[in-house]
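This report refers to the structure that appears directly beneath it.
Residue numbers (the working numbering), protein chains in the order written: chain A, 247 to 659; chain B, 247 to 659.
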């Protein structure tokens with residue numbers, strides 16, 4: 247695939263200047279991106295309106311159109327988020343470990359950029375800017391492959407960013423957009439082992455799965471979140487009601503929203519009516535097992551419900567007889583994103599935090615906090631649900647690898 | 247693939263007990279493995295002699311037969327290396343980071359086992375024991391798939407280890423061997439995403455490449471080492487001669503052995519004859535570019551030589567006009583393992599250590615030090631040449647991932 251191979255060659259050539267760029271220069275480039283985005287709002291909005299027209303013509307749903315739509319205010323917000331990345335510490339060059347060996351060898355483990363990061367995503371044009379900015383700050387060249395639904399918006403923003411960084415002296419190929427949005431090109435990008443150091447897919451379960459199945463380059467799986475909240479027998483019911491309402495309804499379309507309520511049999515009779523009453527305020531549809539349905543009037547859950555990430559005002563309800571059964575249910579159906587326990591039992595906390603096998607495990611708090619900003623890491627490029635390299639929010643430090651630098655004076659082995 | 251799927255199910259079931267096993271119990275199990283291997287030496291040697299007979303009948307080369315062969319002494323050494331792993335700190339449970347957020351949430355980032363590690367390797371029966379011991383200490387269940395050449399030795403040692411750990415109270419399925427050595431079974435293991443958290447291939451370039459191309463589970467690439475030594479114009483020639491001789495000839499079959507000499511034009515006339523004279527002691531065959539061949543009488547290098555990992559008493563010789571050209575040559579042909587510069591120039595050191603894109607970069611020392619033991623990390627399961635998760639020696643800490651544990655008192659977002 248000539249086209250994608252050339253993007254790889256360009257990215258590698260651009261790496262040299264970027265990997266050794268000073269923090270000051272990278273921050274100057276990011277500031278230039280912010281200013282250029284604001285200065286070229288009309289151009290971006292025109293391109294975006296083309297995408298929106300095409301979307302409507304192709305029968306795109308309202309919620310997808312909403313994700314695709316930009317406005318002056320949204321562009322300002324996205325541009326300002328680039329300035330937040332300026333304020334974050336540069337992860338490159340940090341000496342993470344080191345020692346002097348008995349033979350006098352001095353060993354340092356230094357953080358260095360990964361090299362070239364590829365990002366495959368869907369119809370959110372803000373990802374084009376977020377991902378480019380995070381990769382630039384961490385010294386990585388980036389190859390962006392957004393969905394065809396947003397291609398005009400992406401071409402416009404990528405061109406604005408490329409010109410902005412070139413004006414401050416960086417190679418414009420530090421940021422590249424795959425303008426050919428057919429599937430073959432995406433597949434070729436997934437197999438570009440010679441040039442791509444890591445591929446991060448951002449999107450729904452279908453996209454993630456396609457990347458995992460087809461990629462030969464290293465991948466960080468992100469985002470699919472079938473998040474559970476377990477209400478233990480000793481839970482404070484008011485707290486449980488508040489946390490479930492927040493985790494389910496504050497933003498149902500995101501990966502850290504709760505999808506499944508697991509409840510201890512002993513508290514179900516008291517807690518379920520209160521939980522349902524609160525969720526009714528937002529018309530949440532509940533799908534429960536037989537026992538739950540004896541207590542509240544809800545729809546029956548099918549086996550499929552336990553494993554479904556609804557991303558909607560829907561939630562499954564499972565009753566269990568103890569924390570062990572809750573843990574087993576969660577470890578069976580979870581996608582490994584975020585799970586919470588509401589309890590007042592020390593023993594339950596110990597079991598739940600040790601045995602639940604997910605990237606983030608909460609005690610008496612909403613799953614909605616799984617987010618780079620909320621954790622105090624600043625912006626993130628996604629939430630990793632795999633165990634290799636990064637688990638949980640993927641921030642700037644996770645966009646680096648390490649190199650051992652060993653200084654000697656003639657040592658042989 | 248029913249068979250391999252069942253191994254995955256077994257491994258996952260065994261994880262529960264192992265992940266929460268105390269360091270004391272894991273060390274007891276490792277000690278039991280050491281003792282059992284020593285007590286069952288005859289059984290292992292009988293199985294190994296079957297493998298050796300088959301190997302000879304199939305025309306296996308002497309060097310492969312040598313890798314395959316066990317002896318009482320080798321079994322003792324391998325068993326003792328298990329005790330070295332007992333002495334290493336347990337990586338599980340280490341709190342790697344943490345904070346209290348302004349909203350009162352307490353966030354800890356805790357090291358936890360990866361889960362299930364699969365290892366695919368060739369005809370070295372010692373890997374069966376090394377890999378099992380490292381995985382056990384780091385709380386991971388392991389699925390071992392060795393080469394068919396060593397299958398009898400592997401079945402014998404795996405059975406001894408499984409019985410030993412069961413006797414101290416662990417699930418014997420913490421260690422499993424794939425007894426079916428056909429290619430379909432290996433391919434099924436590479437796609438066992440539901441159960442395998444990471445796959446580590448150990449072997450030659452063909453095996454590594456096959457895994458990278460076929461696996462859908464996360465992979466850590468290991469080991470292929472086309473290591474370079476660059477002799478700069480200011481090098482101490484005696485030091486250069488010693489380091490090159492050591493890096494090339496002390497153990498030519500290993501991945502951190504040097505394969506390519508890169509030499510500054512200005513020092514070539516003085517240094518090359520001395521280097522050749524020393525390498526002649528071990529009958530090293532040199533393949534040089536035209537300029538090198540004007541100085542010493544060696545064979546011509548073809549384009550292929552620059553990228554070849556000889557693993558033999560052979561070495562390529564490339565002349566360059568400065569450190570920048572050396573860096574470019576190395577970054578073009580290297581496999582990203584280990585490279586060294588011999589120099590007395592501060593500027594060359596800065597350029598070389600910053601711009602050479604490999605897991606270990608040496609100044610005035612032999613590449614042979616890239617090794618978990620030499621770096622002070624203890625035993626290793628391989629040397630990663632990729633950038634994700636682990637780069638360089640893969641020791642016990644790299645066999646863990648992290649989990650965020652977040653404690654609150656009702657926080658919502």
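Ideal Cβ positions, reconstructed from N, Cα and C, are used throughout, including at glycine.
Rounding to the nearest angstrom, what Cα-Cα distance links residue i and residue j in this structure?
i, j, result
"residue 580 of chain A", "residue 562 of chain A", "13 Å"
"residue 407 of chain B", "residue 272 of chain B", "13 Å"
"residue 595 of chain B", "residue 377 of chain B", "36 Å"
"residue 447 of chain A", "residue 433 of chain A", "12 Å"
"residue 385 of chain A", "residue 360 of chain A", "8 Å"
"residue 309 of chain B", "residue 559 of chain B", "13 Å"
"residue 404 of chain A", "residue 624 of chain A", "23 Å"
"residue 252 of chain A", "residue 268 of chain A", "27 Å"
"residue 541 of chain A", "residue 551 of chain A", "19 Å"
"residue 631 of chain A", "residue 650 of chain B", "12 Å"
"residue 510 of chain A", "residue 479 of chain A", "5 Å"
"residue 321 of chain B", "residue 443 of chain B", "30 Å"
"residue 450 of chain A", "residue 556 of chain A", "11 Å"
"residue 342 of chain B", "residue 355 of chain B", "6 Å"
"residue 667 of chain A", "residue 445 of chain A", "In the structure as shown, chain A starts at 247 and stops at 659, and residue 667 of chain A therefore has no counterpart that could be examined."
"residue 302 of chain A", "residue 526 of chain A", "32 Å"
"residue 340 of chain B", "residue 315 of chain B", "39 Å"
"residue 544 of chain B", "residue 455 of chain B", "32 Å"
With distance defined between alpha-carbon atoms, name the residue in the options nearest to residue i.
i, options, result
"residue 609 of chain B", "A:636, A:598 and A:657", "A:657"
"residue 389 of chain B", "B:573, B:325, B:419 and B:293", "B:419"
"residue 605 of chain B", "B:635, B:591 and B:624", "B:635"
"residue 640 of chain B", "B:341, B:381 and B:283", "B:381"
"residue 611 of chain B", "B:342, B:435, B:484 and B:341", "B:484"
"residue 435 of chain A", "A:568, A:300, A:249 and A:262", "A:249"
"residue 654 of chain B", "B:331, B:350, B:592 and B:520", "B:350"
"residue 329 of chain B", "B:504, B:282 and B:341", "B:282"
"residue 266 of chain B", "A:534, A:326, A:533 and A:599", "A:599"
"residue 506 of chain B", "B:520, B:643, B:307 and B:535", "B:535"
"residue 336 of chain B", "B:264, B:345, B:396 and B:316", "B:264"
"residue 297 of chain A", "A:545, A:520 and A:370", "A:370"
"residue 452 of chain B", "B:463, B:516, B:529 and B:367", "B:367"
"residue 423 of chain B", "B:257, B:590 and B:607", "B:257"
"residue 427 of chain B", "B:417, B:441 and B:400", "B:400"
"residue 515 of chain A", "A:539, A:327, A:659 and A:395", "A:539"
"residue 280 of chain B", "B:327, B:319, B:311 and B:295", "B:327"
Using C-beta distances below 7 Å, list every residue in its chain close to residue i, excluding the 5 sequence neighbours before and after it, in chain order.
i, result
"residue 496 of chain A", "614"
"residue 524 of chain A", "487 and 491"
"residue 575 of chain A", "508, 564 and 566"
"residue 402 of chain A", "289, 290 and 293"
"residue 313 of chain A", "369 and 370"
"residue 498 of chain A", "557, 558 and 559"
"residue 261 of chain A", "361, 362 and 387"
"residue 353 of chain A", "344, 345, 347, 650 and 652"
Measure the beta-carbon distance from residue i to residue j and round it to whole angstroms, keeping in mind my assumption that it falls under 8 Å.
i, j, result
"residue 338 of chain B", "residue 358 of chain B", "6 Å"
"residue 628 of chain B", "residue 438 of chain B", "Contact doesn't hold; Cβ gap of about 20 Å is too wide."
"residue 583 of chain A", "residue 470 of chain A", "7 Å"
"residue 274 of chain A", "residue 458 of chain A", "Contact flag wrong, Cβ pair sits at about 37 Å."
"residue 392 of chain B", "residue 374 of chain B", "6 Å"
"residue 410 of chain B", "residue 278 of chain B", "4 Å"
"residue 383 of chain B", "residue 331 of chain B", "5 Å"
Is there at least one Cβ from chain E nearer than 8 Å to residue i's Cβ?
i, result
"residue 419 of chain B", "No chain E appears in this structure, whose protein chains are A and B."
Leaving out five residues before and five after residue i in sequence, what residues of the same chain have Cβ atoms less than 8 Å from its Cβ?
i, result
"residue 553 of chain B", "472 and 579"
"residue 577 of chain B", "601, 602 and 603"
"residue 284 of chain A", "321, 322 and 325"
"residue 489 of chain A", "475, 586, 588, 610, 611 and 612"
Apart from the five residues on each side of it in sequence, which residues of its chain come closer than 6 Å, Cβ to Cβ, to residue i?
i, result
"residue 372 of chain A", "324"
"residue 365 of chain A", "377, 390 and 446"
"residue 644 of chain A", "636"
"residue 531 of chain B", "560"
Q.
Under 8 Å, CB to CB, which of the residues in the segment 330-344 of chain B have a partner in chain A?
A. none
**Q.** Contact residues within the segment 621-636 of chain B, judged by C-beta distance below 8 Å to chain A
**A.** 621, 622, 632, 633, 634 and 635
Q. Between the segment 492-518 of chain A and chain B, which residues of the former have CB atoms less than 7 Å from a CB of the latter, in chain order?
A. 492 and 496
Q | Cβ-based contacts, 9 Å cut-off: residues of the segment 435-462 of chain A near chain B | A | 437, 439, 443, 444, 458, 459, 460, 461 and 462
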